[in-house]
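Asks: Residue numbers (the numbering used here): 219 to 661.
1. Skipping 5 residues on each side, what residues in its chain have a beta carbon closer than 6 Å to that of residue 571?
2. Per DSSP, what are the beta-bridge partners of residue 450 in this structure?
3. Taking C-alpha atoms, which residue in 274, 305, 334, 436 lies nearest to residue 497?
4. Output yes or no for whether 8 Å exceeds the beta carbon distance between residue 432 and residue 522.
5. Taking only three categories from DSSP, how would you classify residue 221?
6. Quick one: Cα of residue 425 to Cα of residue 573, how far?
7. Below 6 Å CB to CB, which residues in the same chain sit around residue 327 once its five sequence neighbours on both sides are set aside?
8. Less than 8 Å between the beta carbons of residue 347 and residue 377, yes or no?
9. Residue ranges of each alpha helix (DSSP H) run of no fewer than 4 residues wholly in the segment 220-294, ordered along the chain?
10. Residue 246 and residue 408 - do their beta-carbons sit closer together than 8 Å?
11. Go ahead and label residue 374 buried or exposed: buried means 16 or more other beta carbons lie within 10 angstroms of its beta carbon, across all protein chains shown.
12. Among 401, 578, 478, which has the Cα closest to the Cα of residue 500?
13. If distances are taken between C-alpha atoms only, which option among 324, 252, 233 comes closest to residue 292?
14. Measure the C-alpha to C-alpha separation of residue 361 and residue 240 and round it to an integer number of angstroms.
15. Could you name the residues of the same chain whose beta carbon sits closer than 8 Å to that of residue 556, not counting the 5 residues immediately before and after it, in chain order?
16. Does the distance from the C-beta atom of residue 351 to that of residue 281 stay below 8 Å?
17. What would DSSP say about residue 480, mapped onto helix, strand or coil?
18. Measuring CB to CB, does residue 438 end up less than 8 Å from residue 519?
19. Buried or exposed, going by whether 16 or more other CB atoms sit within 10 Å of the CB of residue 429?
20. Quick check on residue 513: does DSSP put it in helix, strand or coil?
21. Please specify which runs of the beta strand (DSSP E), each continuous and at least 3 residues long, are wholly inside the segment 304-383, giving them in chain order.
22. Pick helix, strand or coil for residue 162, following the three-state DSSP scheme.
23. Which whole-angstrom value describes the C-beta separation of residue 243 and residue 225, a residue pair presumed to lie in contact below a C-beta threshold of 8 Å?
24. For residue 472, report the span of its beta strand (DSSP E) as first-last.
25. Are residue 532 and residue 381 closer than 8 Å when you measure CB to CB?
26. Measure the C-alpha to C-alpha separation of residue 353 and residue 559 and round it to an integer number of angstroms.
27. So if DSSP puts residue 421 in a beta bridge, which residue, or which two residues, is it bridged to?
28. For residue 408, which three-state DSSP category applies?
29. Is residue 569 helix, strand or coil by DSSP?
30. Name the residue from 551, 483, 554, 512 whose alpha carbon lies nearest to the alpha carbon of residue 534.
31. Measure the alpha-carbon distance for residue 297 versus residue 399 and round it to whole angstroms.
32. Residues in its own chain within less than 6 Å of residue 344 by CB, not counting five upstream and five downstream?
33. Considering just the uninterrupted stretch of the alpha helix (DSSP H) at residue 527, what are its terminal residues?
34. Which value, in whole angstroms, describes the spacing of the CA atoms of residue 581 and residue 434?
35. Hey, would you say residue 336 sits closer than 8 Å to residue 357, going by beta carbons?
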């Protein structure tokens, strides 16, 4: 692979993995963490004789997406070339028969996504009784995608006596609690904390109205330095729309997201890697695990709802210490998201104002603005204006300006008695019609 010296995460992790210690690693993508656990695992397995007959699963690597699973499996195969070890990769979105056959032949290292692994496990195709090492990769993305319940089910099926390695770019509360339950006296390794964004990335923000974002993207992509560009959108439908708009501007682009078949995603990635397509439009989940060298620019067409995702996105253009540039388009409603990003990375993103679609927004965004646009998730998914949530006492909701505050009708004076035709709450009520009751007549 041309490695000359270990990266910081590799230098910290490899000795502890070789020693059989549990590891809790905090590292961003692109830091070389796959090799940090794969190389010592292969070294350990190679020093032991290969089992005769059907090989038991000795290592399980759990990843959140099929793209990342394929990348990790490919790394194991590359690093372990010549060792005679078998690597299998199982994930959803494709037929399971080839995966079942691979499991039946026996594998040493199994790389999997939670859903397909549980499916095959329920069919009796997976046996973890002789498992030695369990790796949970990108645990924070597992949390973001709602996979933690599945992860817990997988862990419950593993033997208690094992080595466990957990890697995550961020450490939210749920991940820390999970680590406390599954790790035994772990070694803590933190390399390049999430707040310290890759230092070699030049970051810029363009203030633009939502309706002019596509025109601005076309303008930016025509710059000669935009060699290999990864564009992020918040939704799958948004990615498709961007590709169509770019096609109208005679800028070829491809999209990868969850609605694309596995073969279509692989073709798009291959064309992007070999330079046939210089623009790839992706969602956060689809791009997870994307490892492409030479990405010159990352464009955040939509700002992410979670600030940590911004760091994951722009890190695609700074792989293994390389430099890069990140552009972010920010409309008026996304200003709170930009503030959250700047708070996380502890720096102000440079504003680019000399572009044809520049907008000037207020420097300070009132909390009410965010409340008026409703939940960011709801609006961005449905692409419709969201309504504020109901609830008295919310500080982020402005009072209704259409009518002065106060009771709608004057309070009625207390009455000594309330006739049957009046409301029982003491306020004047509209007179009711007397209900006619028909009784049977006895004859």
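Every residue, glycine too, gets a C-beta built ideally from N, C-alpha and C. This one's a predicted model, so the numbers in the text were calculated from it and none came from an experiment.
Replies: According to the structure shown:
1. Cβ within range, chain order: n/a, list empty.
2. In the DSSP output, where bridge partners are listed per residue, residue 450 has 500, 518.
3. Among 274, 305, 334, 436, the Cα nearest to that of residue 497 belongs to 436.
4. No; because the gap between Cβ atoms is not below 8 Å, this pair is not in contact.
5. Under the three-state reduction of DSSP, residue 221 is assigned to coil, being neither helix nor strand.
6. Answer to the nearest angstrom: the Cα atoms are 9 Å apart.
7. The answer, listed in chain order, is 277, 294, 305.
8. Contact: yes.
9. Runs found: 226-236, 251-264.
10. The answer is no: Cβ separation not under 8 Å.
11. It counts as exposed.
12. Closest by alpha carbon: 478.
13. With distances taken between Cα atoms, residue 292 lies closest to 252.
14. Our two residues, residue 361 and residue 240, have alpha carbons roughly 21 Å apart in a direct line.
15. Around residue 556: 423, 521, 546, 548, 567.
16. No; because the gap between Cβ atoms is not below 8 Å, this pair is not in contact.
17. The three-state reading of DSSP puts residue 480 in helix, counting H, G and I together.
18. Contact: no.
19. That one is exposed.
20. Note: residue 513 maps to coil in three-state DSSP.
21. If only uninterrupted beta strand (DSSP E) runs of at least 3 residues are considered, those enclosed by the segment 304-383 are 305-308, 327-330, 351-354.
22. Given that the chain is displayed from residue 219 to residue 661, the structure contains no residue 162 and the question cannot be resolved.
23. That pair is no contact at about 12 Å.
24. Where residue 472 is concerned, the enclosing beta strand (DSSP E) stretches over 472-474.
25. Result no, Cβ atoms of residue 532 and residue 381 do not sit closer than 8 Å.
26. In a straight line, the C-alpha of residue 353 is about 29 Å away from that of residue 559.
27. DSSP, once it has assigned bridges, lists 544 as partnering residue 421.
28. Three-state DSSP puts residue 408 in a strand.
29. Strand, per DSSP.
30. Distances from the CA of residue 534 to each of 551, 483, 554, 512 were compared; the closest alpha carbon is that of 512.
31. Straight-line Cα distance between these residues: approximately 31 Å.
32. Only 338 meet the Cβ criterion.
33. 525-532 is the extent of the alpha helix (DSSP H) around residue 527.
34. At residue 581, the pLDDT of 49 sits below 50, so the modelled position is not reliable and the matter cannot be decided from this model.
35. Not closer than 8 Å, so no.
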